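Residue numbers for the sequence shown follow UniProt numbering, beginning at 1 and rising by one.
All C-beta atoms, glycine included, are put in the ideal place defined by N, C-alpha and C.
Here the structure is a predicted model, which means the values were calculated and not measured.
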Amino acid sequence: ITKQDLEKMEKRAKIIQIPMDLGRIPNKITTGEGFSRFTANQWKTFVLIYAIPLMWDLLAEPDRQILGNFIRAYSLLVYRIIDCDILNEAHKCLLKVATLIEENYGPERIILNLHL
């Protein structure tokens with residue numbers, strides 16, 4: 001994502017109106033490190049609401065597939081109640097994300113980041 005892409009995304013984000021109780025993302029995503037200052041709640045809002053309308057046309061097809069599968073898995077894993085079918089679908093989506101990243105960017109891009 002280029003600086004110009006971040007500027008487009010920032011303009012698009014200002015147009016999107018969501019209910020206040022769903023959360024907000026910072027207005028200035030082009031400053032500093034872009035998304036590095038997002039809180040966990042802002043990331044959740046970004047992934048579930050903003051990511052596709054802000055980024056879709058800025059991404060190449062493989063990155064769209066990665067984003068789509070990630071968002072699907074994320075949306076399944078934040079359900080209040082998760083059954084085996086939901087867990088299996090989320091698992092398939094996350095495996096697809098890892099496979100697509102490895103195929104398009106190499107295995108060195110698959111890095112474990114574990115928070116306990």
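Problem set entry | Pairwise C-alpha distance: isoleucine 49 and glutamine 42 | Taking the straight line from one Cα to the other gives about 10 Å.
Exercise. Buried or exposed: where does cysteine 93 fall if 16 or more other Cβ atoms within 10 Å of its Cβ makes it buried?
Worked result: Classification of cysteine 93: buried, given that the 10 Å Cβ count is 16 or more.
For this session: Consult DSSP for threonine 2 and reduce its assignment to one of helix, strand or coil.
Result: Residue state, collapsed to three classes: coil.
Exercise. Pairing CB atoms from the region 57 to 68 with CB atoms from the region 91 to 105, are three or more of them under 8 Å?
Worked result: Yes, since at least three Cβ pairs between the region 57 to 68 and the region 91 to 105 fall closer than 8 Å, the two stretches touch.
Exercise. Which ranges would you report for the alpha helix (DSSP H) in the region 31 to 56 if only whole runs of at least 4 residues count?
Worked result: Correct list: 40 to 45 and 51 to 55.
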